[in-house]
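Enquirer:
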Amino acid sequence: VRSRNSPGFMLVTVTEVGLLLSLRTDVVTVTPWLAPVVWEGTFNELLLDSIYKKKNITVAATVFAVGKYIMFLKDFLETADKHFFAGFRVDFYVFTDRLNEVPKVNMAAGRTLTVRSVPSSNRWQEISARRMELIQKLIEETLQNHVDYIFCLDVDSKFHGRWGTESLGGLVAVIHPGLDNRSRFPYERRPASRAYVAPGEGDFYYCGGAFGGLVQEVHQLAKTCRNNFEDDAKEGIEAAWQEESHLNRYMWINKPSKVLSPEYLWQDFKQRNPEVLLIRFSGVIKNYANIRPN
Ligand code: UD2
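FYI, the numbering for the sequence shown is -22 to -1, 1 to 272, going by mature numbering (1 follows the signal peptide of the UniProt record, and there is no 0).
(1) Since I128 contacts V193 with CB under 8 angstroms, what's their CB separation in whole angstroms?
(2) Taking just the CA atoms, how far does Y47 sit from R270?
(3) In chain order, what residues of the same chain lie with their CB nearer than 7 angstroms to the CB of residue 276, ignoring the 5 residues before and after it?
(4) Only counting the same chain, and skipping five residues up and downstream in sequence, which positions put a Cβ closer than 7 angstroms to that of T(-10)?
(5) Between the Cα of D246 and those of S235, K233, I263, N232, spot the shortest distance and give me the residue it belongs to.
(6) Can you tell me whether DSSP reads R67 as helix, strand or coil?
(7) From D59, L112, N206, pick the residue whose C-alpha is nearest to that of G142; which is it?
(8) So if DSSP puts S135 in a beta bridge, which residue, or which two residues, is it bridged to?
(9) State the CB to CB distance for the pair R94 and V68, rounded to an integer number of angstroms; the pair is presumed to be in contact (CB under 8 angstroms).
(10) Check the DSSP bridge columns for E166 and list the partner residues they point to.
(11) I'd like to confirm something about residue 273: is its beta-carbon nearer than 7 angstroms to some heavy atom of ligand 1, or not?
(12) Answer yes if the stretch 197 to 214 comes into contact with the stretch 110 to 124, meaning at least three C-beta pairs across the two stretches below 8 angstroms, and no otherwise.
(13) At what residues does the alpha helix (DSSP H) containing V196 begin and finish?
(14) Report whether the distance from the Cβ of Q103 to the nearest heavy atom of ligand 2 is below 7 angstroms.
(15) Measuring from the CB of P271, is there a heavy atom of ligand 1 at a distance below 7 angstroms?
(16) For Y242, count neighbouring Cβ atoms within 10 angstroms of its own Cβ and tell me buried if that reaches 16, exposed if not.
(17) Going by beta carbon distance, what residues of the same chain come within less than 7 angstroms of S98, once the five residues before and after it are set aside?
(18) So does P133 have its beta carbon nearer than 7 angstroms to some heavy atom of ligand 1?
(19) Indicate whether V16 and K236 have their beta-carbon atoms separated by less than 8 angstroms.
(20) So if DSSP puts W230 in a beta bridge, which residue, or which two residues, is it bridged to?
(21) For the beta strand (DSSP E) containing L55, list its first residue and its last residue.
(22) Beta carbon of W219: closer than 7 angstroms to some heavy atom of ligand 1?
(23) Can a CB atom of chain D be found closer than 8 angstroms to the CB of A211?
(24) If you compare alpha carbons, which of S171, P10, P177 is closest to N205?
(25) For F247, write down the residues that DSSP places opposite it in a beta bridge.
(26) What whole-angstrom Cβ distance do S135 and F54 have, given they're in contact under 8 angstroms?
(27) What's the gap between the Cα of P(-16) and the Cα of E111?
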């Protein structure tokens, strides 16, 4: 810290240093393309909230609850209302084939819930992958001109801690919590697929269960992943992890401008790693055989 008395030197208080420097040295906090990696202790939430309050932003969130996955919706929405952009305007969009089973959840002021009907399917892979098409259409038909940011989230999950303005960016991806060995990243490895990532390529392995950013950027992502998924299908190819594989390919080519640490999508069956100081959002334990249609 430079001295207050030396002419030409700027006064930098300890508080300001705290704002400027990352307080975490045990984790990677910036990518090689200079995108922040968000961990607890790397940001000032009061400062960030005050910046975005002035901008008067609206955030949309999409969640799909098709078939038996409707059982996860109540907890998802109740915890989202408490922790996801608390104090900000949030429009939740629920896509379901079980309109009558959508729970009644009282949202805080300034937050809305819209339910949209989607067809059911007898293949979970199709339900998961079709989300890209429906997100693309939602943005084109409804969000384009009145929402600033959007996050697309898995329903079989709950919020446990703050998820707020620190997560905002042009294109935002979340590091998958279960995969830290690069050689085992489950990218699509068949060159015939449009989701192909060659050996030695790829930065992180990102989750299909949470991504977002500016509405225009997510529109481009959803449209590209949808087209690539459908063009693959015409040639009889389905990527190893459906739209998650296409998302990973997209993020390799179009680097995210902000990367969220696994605090932003943990998995309840995993023990917390020491570097994860706070679990903000986490996938619940589920029995796939009981809830998926196939
Ligand atoms: C991973 C991803 C998921 C997706 C999938 C590959 C995480 C945490 N999850 O999870 O996002 O990329 O791999 O396809 O990164 N759904 C329904 N009804 C169904 C099946 C799925 O509504 O019958 C929806 C629901 O919103 C669910 C999501 O699709 O959260 C993903 O399906 P999943 O949770 O079964 O996928 P999973 O656990 O393999």
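All C-beta atoms, glycine included, are put in the ideal place defined by N, C-alpha and C.
Expert: Let me lay it out:
(1) Walking along the sequence shown from the start, residue 128 turns up at place 150. Walking along the sequence shown from the start, residue 193 turns up at place 215. Yes, they are in contact, since the Cβ atoms of I128 and V193 sit about 5 angstroms apart, within 8 angstroms.
(2) Working through the sequence shown from its first residue, we reach residue 270 at position 292. Working through the sequence shown from its first residue, we reach residue 47 at position 69. Cα-Cα distance, rounded: 8 angstroms.
(3) Here the chain covers residues -22 to 272 and nothing more, so residue 276 does not appear.
(4) For this step, residue -10 is matched to residue 13 along the sequence shown. Residue confidence for T(-10) is low, a pLDDT of 48 falling below 50, so the modelled location carries little weight and cannot support an answer.
(5) For the purposes of this step, residue 246 is taken as residue 268 along the sequence shown, with counting starting at 1. For D246, the nearest C-alpha among the options comes from I263.
(6) By 1-based counting over the sequence shown, the position of residue 67 is 89. In the structure shown, R67 sits in a strand (DSSP, three-state: E or B).
(7) Your numbering for residue 142 matches position 164 in the sequence shown. When only C-alpha atoms are compared, the closest one is D59.
(8) Mapped onto the sequence shown, residue 135 falls at position 157. Looking at the DSSP assignment, S135 forms a beta bridge with G261.
(9) Taking the first residue of the sequence shown as 1, we reach residue 94 at position 116. Taking the first residue of the sequence shown as 1, we reach residue 68 at position 90. In fact, because the Cβ distance is near 16 angstroms, the residues do not count as touching under 8 angstroms.
(10) Along the sequence shown, read from residue 1 onward, the residue named residue 166 stands at position 188. E166 pairs with Y174.
(11) Look at the range of the chain in this structure, -22 to 272, and you will see that residue 273 is not part of it.
(12) yes
(13) Residue 196 sits at position 218 when you count from the first residue of the sequence shown. Segment 193 to 212, the alpha helix (DSSP H) holding V196.
(14) Ligand 2 is not part of this structure, which contains only ligand 1.
(15) To locate residue 271, count along the sequence shown from 1; it is residue 293. Shortest gap from the CB of P271 to any heavy atom of ligand 1: under 7 angstroms.
(16) As a working note, residue 242 is residue 264 in the sequence shown. With 16 or more Cβ atoms within 10 Å of its Cβ, Y242 is classed as buried.
(17) Counting from 1 along the sequence shown, the entry for residue 98 is found at position 120. Correct list, in chain order: V44, G45, D75.
(18) Here residue 133 corresponds to residue number 155 of the sequence shown, with the count starting at 1. Residue 133 is actually Val in this sequence, not Pro. Yes; taking the cut-off as 7 angstroms, the Cβ of V133 has a heavy atom of ligand 1 nearer than that.
(19) Translated into the one-based positions of the sequence shown, residue 16 becomes position 38. Translated into the one-based positions of the sequence shown, residue 236 becomes position 258. The answer is yes: Cβ separation under 8 angstroms.
(20) To locate residue 230, count along the sequence shown from 1; it is residue 252. DSSP lists no partner for W230.
(21) Taking the first residue of the sequence shown as 1, we reach residue 55 at position 77. L55 -> not in any beta strand (DSSP E); alpha helix (DSSP H) instead, spanning 51 to 61.
(22) For the purposes of this step, residue 219 is identified with residue 241 of the sequence shown, where counting begins at 1. At least one heavy atom of ligand 1 is nearer than 7 angstroms to the Cβ of W219, so yes.
(23) Protein chains in the displayed structure number just one, and chain D is not present.
(24) Residue 205 sits at position 227 when you count from the first residue of the sequence shown. Among S171, P10, P177, the Cα nearest to that of N205 belongs to S171.
(25) The residue you call residue 247 lines up with position 269 of the sequence shown. Partner(s): none; F247 has no beta bridge.
(26) Translated into positions along the sequence shown, residue 135 becomes position 157. Translated into positions along the sequence shown, residue 54 becomes position 76. With 8 angstroms as the limit, S135 and F54 qualify as a contact, their Cβ atoms being about 6 angstroms apart.
(27) By 1-based counting over the sequence shown, the position of residue -16 is 7. By 1-based counting over the sequence shown, the position of residue 111 is 133. Note that P(-16) scores 42 on pLDDT, short of 50, meaning its location in the model is unreliable; the coordinates nonetheless yield the value given after this. Distance between the alpha carbons of P(-16) and E111 is about 60 angstroms.
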